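Under this note's numbering, the first residue of the sequence shown carries the number 534, and numbering increases by one thereafter. This report refers to the structure that appears directly beneath it.
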Amino acid sequence: MTNYKKAYIAGGCFWGMEDLFRTRPGIKDTEVGYQGGENSNPTYKNHPGHAEGLEITYNSNETSFREILDYFFRIHNPTTVDQQGNDRGSSYRSAIFYQNEDEKAIAEDMINVVNQSRKWQEKVATTLEPYATFWLAEDYHQDYLVKNPNGYTCHFLRFDESYIKEEV
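Following this line, the structure appears as structure tokens:
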């Protein structure tokens with residue numbers, strides 16, 4: 534367990550993000566919730582300013598924060614402000630909640646890499662926000678697309694090719 538770390542991201546509706554991340558190599562657990570908002574103990578009906586986010590528990594011997602962000606930038610549109618698919622509002626913003634300066638630097642570098650790739654017509658709008666309490670969403674939101682296989686999602690793999698290039 535000493536190699537287990539957590540990452541916190543938001544990229545639109547949390548159902549689709551969780552569904553795609555939960556089976557990735559090195560990912561040990563995913564939880565959906567609310568982060569970065571104005572109230573304590575937010576709920577789906579009352580989460581002003583909170584993003585619908587994802588807490589990812591991963592084994593750092595099997596994957597890295599950079600690899601998590603690489604996948605994150607390939608499964609949602611990071612160039613839209615407060616929107617993914619049909620979902621609109623700050624709840625659906627693209628955000629990385631960094632826990633320390635190393636994560637912030639990795640996130641800044643990945644944003645530069647994504648912008649330089651020119652895979653998107655617009656610049657990345659993903660916000661970098663300091664870690665704030667992650668509040669678990671209600672039980673019915675956890676593993677939603679496992680429980681409801683035909684449920685709504687706007688997430689899918691947009692680019693097969695990794696943004697990360699092999700270092701020599």
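Even glycine gets a Cβ: it sits at the ideal position worked out from N, Cα and C. Bear in mind that the values here come from a model prediction, so they are computed numbers and not experimental data.
Cβ neighbour criterion (16 or more within 10 Å) applied to residue i
i      : result
Tyr631 : buried
Pro611 : buried
Glu655 : exposed
Pro663 : exposed
8 Å Cβ cutoff met for residue i and residue j
i      : j      : result
Ile542 : Phe598 : no
Leu602 : Met550 : no
Ala665 : Ala628 : no
Ile608 : Phe689 : yes
Phe547 : Gly582 : no
Tyr625 : Gly545 : yes
Tyr696 : Val657 : no
Glu588 : Lys539 : yes
Element boundaries [beta strand (DSSP E), containing residue i]
i      : result
Asp592 : With the sequence shown as reference, residue 592 is identified as Asn, and Asp is not the correct amino acid for it. That run of the beta strand (DSSP E) goes Ala584 to Asn592.
Fill in: At least three beta-carbon pairs within less than 8 Å, the stretch 554-565 to the stretch 614-621
no
Item to complete: Quick one: which unbroken beta strand (DSSP E) runs of 3-plus residues sit fully inside the stretch 543-582? Chain order, please.
Response: Runs of the beta strand (DSSP E) inside the stretch 543-582: 560-568.
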